[in-house]
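K.L.:
Chains as they are written, first to last, in our numbering: chain P, 76 to 632; chain G, 76 to 632.
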């Protein structure tokens, strides 16, 4: 019987976080400790390393996710450990997990097996309070809006056009759609509104893209919170909200340092949705990693069609950073599902299904090449995988001019990613990376959406009705035309139909709605049903979460 | 021009929190640091000091508050520093301020002048995240309730009788009264509900009364969250909510250590409302203080009629602790207001008004005596006070057999409370304390309310309609009859009319509504309008809060 993630994590010997900091040259007095094994990095220190040259940047992405699991975070951690193992100074950059979903279906999000970041309970619960701070900043703005309307509405909000909602870091479907300000004159003007989960907040997206506190404050001020009757935009800065919001986020914006099970350094910082936002950890953490380590390994949300595309077209574009190599994670199990096998049949060898499913991987490989970055495929090995299945993957990938490396970090830690690490180093040192975004700033907004749909999703084109086209044209006229687009579609398919696995073609991408995230600096194109406030299942995992007699947390994982 | 609180605080030299811990014998490795100047005390250490004898306990309370200000927290801090100055090992225990109101009218709540606790910005903002944890635990329970109803409602909730609301640490009147679960089948069953501010949560009250994690979990499970159609109570434990709620509060329940401007130790932990809850810091912090110091100085919310009465009848009763002396804080300014002077006339000497206002102080002194604890009056000196005014107070108090000491901690720190500290030590060492609660557990619920109204408020009696009486009788039948009562009335008057200053007599206390806080372990008697979700003013202080060029927080104080 193999050990559970939490058992492995508890057996690990964590080093004091000051020792981890010391490994990458951060003096103890520049660490704001949160207990013995978590710390934030001071602004003074971050400032002091600004002029250092950047290390290399490696993005870990994946095939289109399936219920079989891919292990992207696990592979990111495994690769970081592997690079350290072969003598490279490597840093891992991950997203912070959301607290809400921990009480729903999924467990934690801190890797797995022998490729984890710790302390995993803390990381999955309040951690260093960043998400609470983001929620408070968001909800302060909400309160200021209704308060402004209450006291006379000088800015002329059309109460039907207040676009700014509220957030909670909780799966709570009852709050999706509410009427607020009931109960009479003292409580304001009733209006329909609702709550999203904190990770869906534009404040979260801004937090993750901001380059320092000053930039954060400017972006917060640029949030569009609603419109007048004449459809004139009202900004957060019109409410003087950006000052107190920045104050609430002052500590949160310092990157969080933790460690892997092998005591290597990892930043875990920020965690925006990968559909209505860009799905990567903070620019602060990634930039700090580049200054502190030779190799910074980071991940992006969902599959490469969403996560990597946004990493390149939004995060890298905005932050002025460029990746040196990409790792695309796949599993035999997931490829089988893309090849048409049902979840309960995944335990049996099925080389044909793997071969069929490889078209999903193939398109992701070709897509990544369009950004000018060399890629390697990491096959995250599961116990029931067969050699024949692995061979099928390796042969297919070789035909595309790339290489697929079998990785065993889940079972063996860094020993299982040594080969992957060597390959990544070879790719990076080969110096073939010539990063480019998929489209220029000057491309029209609709054309940007169309470019992603055709080039990345393999669609024939997009469908957008007049309302959407008019809205985009209006934003271009208003000066938002140079923004990149943030595609919100299902992660389960290249198309907008989540049941279409593999690499569908001939499809059309319907753009149902567009939203302006003026603070974050992108236009969200909504192509399908996007849930911004999850619910809990019939038997939520909360039912099994408790402290045991030793005071340890049970049931979280 | 005298310095502002924040200027004084910034000039202070904070010592590393490990040094502060060392002063009271806490080893550095038993401190969970949150940055260099905040720390939580580990459970292991708290466990290790359980068998030590208790030090002395001093409660700081005040006359009925007025807009003139009394300075109770400031005096608590000043007395703690004063006791340390005269060679006593003294610990201060305070409540954590709520984040929401910082953006409304008031500034911070960490003392003032040269009697402050620091780091004050942190203490007033997220601090160590306790309130966020309490909010998350509260809202998890809320989500579990609606989720349970959504999936079939096996427990048989009457949706009209769900009593558990949601909370946010924000002043947001728009959330007082809402309809949730709109938008169709997928979002649940629409019902009317609302949000309170986090400090008004029963989870907050439980958190502050809990004696360890096990007790916390039991109390959380005992929360009544709603009723069936047959009016049968449904508990949080019926939803298996107490386990995950305790997990969310696991770190929060460790007391927070900070320091005064004079580098003396202070616990700041928990902060329940002083109307619908009991208004004192955690039992955890107070008990830890008693084990660590010779003198523990703590405060209770509002005036002595509310704060001290609840401290005695709820906190001391439940926690099995007993106070050795009480300090009642008064100011010349506030006494003048009790004597009928308007706020804009407070700058002029008015001995007659002071004398008239002293009846308010007098009743508080006599009330405290009913609990068997000796008291001293601390006159928190303001610049425009005159000797004649001070003399009037001292003579009046002397007639009641007590002493009034003029204190200058605001201007001089511990030098200004040396005399008060000496007096407190004399009172304590006199050993006259013979603490008793005002009523026995076995007194009927209505009789308990009546006792407080007559004995403490000076009322002729109470008025309660049949519905209230029936409800209390029902709770007695259900086994809740031994609970103490938690009075929720205006803090501005002994009566329920906030405009009646001084010491009104002949009044009746109307009990409008009663609520069961089964987890916290008290019955709330609501006597007047009680606001559990504040709003923001026309020009909220948020408008002026921002980071300055040095990265310091402006406008918070």
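Backbone N, C-alpha and C fix where the C-beta goes; we use that ideal spot for every residue, glycine too.
A quick note: this is a predicted structure, and the numbers were derived from the prediction, not measured.
Where does residue 591 of chain P sit, in a helix, a strand or coil, going by DSSP?
P.N.:
As a working note, residue 591 of chain P is residue 516 in the first chain. Here residue 591 of chain P sits in strand by DSSP.
K.L.:
Please report the distance separating the alpha-carbon of residue 299 of chain G from that of residue 171 of chain P.
P.N.:
Here the question's residue 299 of chain G lines up with position 224 in the second chain. Here the question's residue 171 of chain P lines up with position 96 in the first chain. Their Cα atoms are separated by approximately 34 Å.
K.L.:
For the alpha helix (DSSP H) holding residue 118 of chain P, just list the boundary residues, first then last.
P.N.:
For the purposes of this step, residue 118 of chain P is taken as residue 43 along the first chain, with counting starting at 1. First-last of the alpha helix (DSSP H) with residue 118 of chain P: 118-123.
K.L.:
Going by DSSP, name the residue or residues bridged to residue 561 of chain G.
P.N.:
Your numbering for residue 561 of chain G matches position 486 in the second chain. Bridge partners of residue 561 of chain G: G/599.
K.L.:
Following the continuous beta strand (DSSP E) through residue 371 of chain G, name the residue where it begins and the one where it ends.
P.N.:
Sequence index remark: in the second chain, residue 371 of chain G carries index 296 (1-based). It spans 370-374 - the beta strand (DSSP E) in which residue 371 of chain G sits, taken as one unbroken run.
K.L.:
Does the stretch 133-148 of chain G come close enough to the stretch 375-392 of chain G that 3 or more CB-CB pairs lie under 8 Å?
P.N.:
yes
K.L.:
From the DSSP secondary-structure annotation, give me the bridge partner or partners of residue 131 of chain P.
P.N.:
Counted from its first residue, the first chain places residue 131 of chain P at position 56. Partner(s): P/370.
K.L.:
Output, in sequence order along the chain, the residues in the stretch 159-185 of chain P whose CB is closer than 7 Å to any CB in chain G.
P.N.:
Under the 7 Å Cβ criterion, the stretch 159-185 of chain P contributes 174 and 178.
K.L.:
Does residue 453 of chain G have its Cβ less than 8 Å from a Cβ in chain P?
P.N.:
Working through the second chain from its first residue, we reach residue 453 of chain G at position 378. So, not an interface residue.
K.L.:
How big is the Cα-Cα spacing for residue 434 of chain P and residue 396 of chain P?
P.N.:
Here residue 434 of chain P corresponds to residue number 359 of the first chain, with the count starting at 1. Here residue 396 of chain P corresponds to residue number 321 of the first chain, with the count starting at 1. Each residue's Cα considered, the two are about 30 Å apart.
K.L.:
Assess contact between the stretch 179-197 of chain G and the stretch 79-92 of chain G, defined as three or more Cβ pairs (one per stretch) separated by less than 8 Å. Is contact present?
P.N.:
yes
K.L.:
Find the residues of chain P that neighbour residue 118 of chain G, judging by a C-beta separation of less than 9 Å, and give them in chain order.
P.N.:
Taking the first residue of the second chain as position 1, residue 118 of chain G is located at position 43. Within chain P, the residues near residue 118 of chain G are 626.
K.L.:
Along the alpha helix (DSSP H) that carries residue 429 of chain P, what are the first and last residues, could you check?
P.N.:
Within the first chain, the letter at position 354 stands for residue 429 of chain P. Here the alpha helix (DSSP H) through residue 429 of chain P covers 426-444.
K.L.:
For residue 248 of chain P versus residue 269 of chain P, is the C-beta spacing smaller than 8 Å?
P.N.:
As a position in the first chain, residue 248 of chain P is number 173, starting the count at 1. As a position in the first chain, residue 269 of chain P is number 194, starting the count at 1. The answer is no: Cβ separation not under 8 Å.
K.L.:
Closest to residue 597 of chain P by CA distance: which of P/558, P/145, P/165 and P/399 is it?
P.N.:
As a working note, residue 597 of chain P is residue 522 in the first chain. Of the listed residues, the one whose Cα sits closest to residue 597 of chain P is P/558.
K.L.:
Residue 615 of chain P CB to nearest chain G CB: under 8 Å?
P.N.:
If you number the first chain from 1, residue 615 of chain P lands on position 540. Yes, residue 615 of chain P lies at the interface with chain G (some Cβ there is under 8 Å from its Cβ).
K.L.:
By Cβ distance below 6 Å, which residues in the same chain neighbour residue 484 of chain G in space, the five residues on each side in sequence not counted?
P.N.:
Looking up residue 484 of chain G in the second chain gives position 409. Around residue 484 of chain G: 153, 190, 491 and 492.
K.L.:
From this set, G/367, G/203 and G/552, which residue's C-alpha is nearest residue 131 of chain G's C-alpha?
P.N.:
The residue labelled residue 131 of chain G in the question sits at position 56 within the second chain. Comparing Cα-Cα distances from residue 131 of chain G to each of G/367, G/203 and G/552, the minimum goes to G/367.
K.L.:
Less than 8 Å between CB atoms is the rule here; does residue 225 of chain G satisfy it with respect to chain P?
P.N.:
Looking up residue 225 of chain G in the second chain gives position 150. At least one chain P Cβ lies under 8 Å of residue 225 of chain G.
K.L.:
Mapping the DSSP letters down to three states, classify residue 629 of chain P as helix, strand or coil.
P.N.:
Looking up residue 629 of chain P in the first chain gives position 554. Strand at residue 629 of chain P.
K.L.:
Which residue marks the beginning of the beta strand (DSSP E) containing residue 272 of chain G, and which one marks its end?
P.N.:
In the second chain, the residue the question calls residue 272 of chain G occupies position 197. Here the beta strand (DSSP E) through residue 272 of chain G covers 270-272.
K.L.:
Between which residues of its own chain and residue 553 of chain P is the CB-CB distance below 8 Å, once the five residues before and five after are set aside?
P.N.:
In the first chain, counting from the first residue as 1, residue 553 of chain P sits at position 478. In chain order, 308 place their CB closer than 8 Å to the CB of residue 553 of chain P, counting only its own chain and leaving out the 5 sequence neighbours on each side.
K.L.:
Alpha carbon to alpha carbon, how far is residue 446 of chain P from residue 122 of chain P?
P.N.:
To locate residue 446 of chain P, count along the first chain from 1; it is residue 371. To locate residue 122 of chain P, count along the first chain from 1; it is residue 47. Using only the alpha carbons, I get a separation of about 31 Å.
K.L.:
Please compile the residues from chain P whose C-beta is within a distance smaller than 8 Å of the C-beta of residue 214 of chain G.
P.N.:
Walking along the second chain from the start, residue 214 of chain G turns up at place 139. Chain P residues near residue 214 of chain G: 243, 245 and 247.
K.L.:
For a contact meaning CB atoms closer than 9 Å, what does residue 107 of chain P contact in chain G?
P.N.:
If you number the first chain from 1, residue 107 of chain P lands on position 32. The answer, in chain order, is 108, 109, 110 and 111.
K.L.:
According to a CB-to-CB cut-off of less than 9 Å, which residues of the stretch 247-262 of chain G neighbour chain P?
P.N.:
247, 248, 249, 250, 251, 252, 253, 254, 255, 256, 257, 258, 259, 261 and 262
K.L.:
Could you work out which residue in P/262, P/236, P/110 and P/356 is closest to residue 305 of chain P when comparing CA atoms only?
P.N.:
Start at 1 with the first residue of the first chain, and residue 305 of chain P comes out as number 230. Of all alpha-carbon atoms in P/262, P/236, P/110 and P/356, the one lying nearest the alpha-carbon of residue 305 of chain P is that of P/236.
K.L.:
Can you list the residues of chain P that residue 415 of chain G reaches, using a CB-CB cut of under 8 Å?
P.N.:
Along the second chain, one-based indexing puts residue 415 of chain G at 340. The premise fails here: residue 415 of chain G is roughly 30 Å from chain P at the closest Cβ pair, so nothing lies under 8 Å.
K.L.:
Measure the CB-CB distance between residue 203 of chain P and residue 242 of chain P and report whether it falls below 8 Å.
P.N.:
By 1-based counting over the first chain, the position of residue 203 of chain P is 128. By 1-based counting over the first chain, the position of residue 242 of chain P is 167. Result no, Cβ atoms of residue 203 of chain P and residue 242 of chain P do not sit closer than 8 Å.
K.L.:
Going by DSSP in three states, residue 359 of chain G sits in which element: helix, strand or coil?
P.N.:
In the second chain, residue 359 of chain G corresponds to position 284, counting from 1. In this structure, residue 359 of chain G counts as helix in the three-state DSSP scheme.
K.L.:
What are the boundary residues of the alpha helix (DSSP H) that includes residue 525 of chain G?
P.N.:
Taking the second chain and counting its residues from 1, one reaches residue 525 of chain G at position 450. Residue range 520-530 is occupied by the alpha helix (DSSP H) that includes residue 525 of chain G.
K.L.:
Let's test the definition: count the other Cβ atoms within 10 Å of the Cβ of residue 80 of chain P and tell me whether it reaches 16, buried, or not, exposed.
P.N.:
For the purposes of this step, residue 80 of chain P is taken as residue 5 along the first chain, with counting starting at 1. It counts as buried.
K.L.:
Go through its chain and collect everything with a Cβ distance to residue 429 of chain P's Cβ below 8 Å, but skip five positions before and after it.
P.N.:
Translated into the one-based positions of the first chain, residue 429 of chain P becomes position 354. Cβ neighbours of residue 429 of chain P beyond the five flanking positions: 407, 410, 411, 414, 464, 467 and 468.
K.L.:
Which value, in whole angstroms, describes the spacing of the CA atoms of residue 611 of chain G and residue 174 of chain G?
P.N.:
As a first step, residue 611 of chain G is located in the second chain; it is residue number 536 there, counting from the start. As a first step, residue 174 of chain G is located in the second chain; it is residue number 99 there, counting from the start. If I take the Cα positions, the gap works out to 13 Å.
K.L.:
In terms of residues, what are the limits of the beta strand (DSSP E) holding residue 423 of chain G?
P.N.:
Working through the second chain from its first residue, we reach residue 423 of chain G at position 348. Careful: residue 423 of chain G lies outside any beta strand (DSSP E) and carries neither H nor E.
K.L.:
Does the distance from the C-beta atom of residue 319 of chain G to that of residue 621 of chain P stay below 8 Å?
P.N.:
Here the question's residue 319 of chain G lines up with position 244 in the second chain. Here the question's residue 621 of chain P lines up with position 546 in the first chain. Yes.
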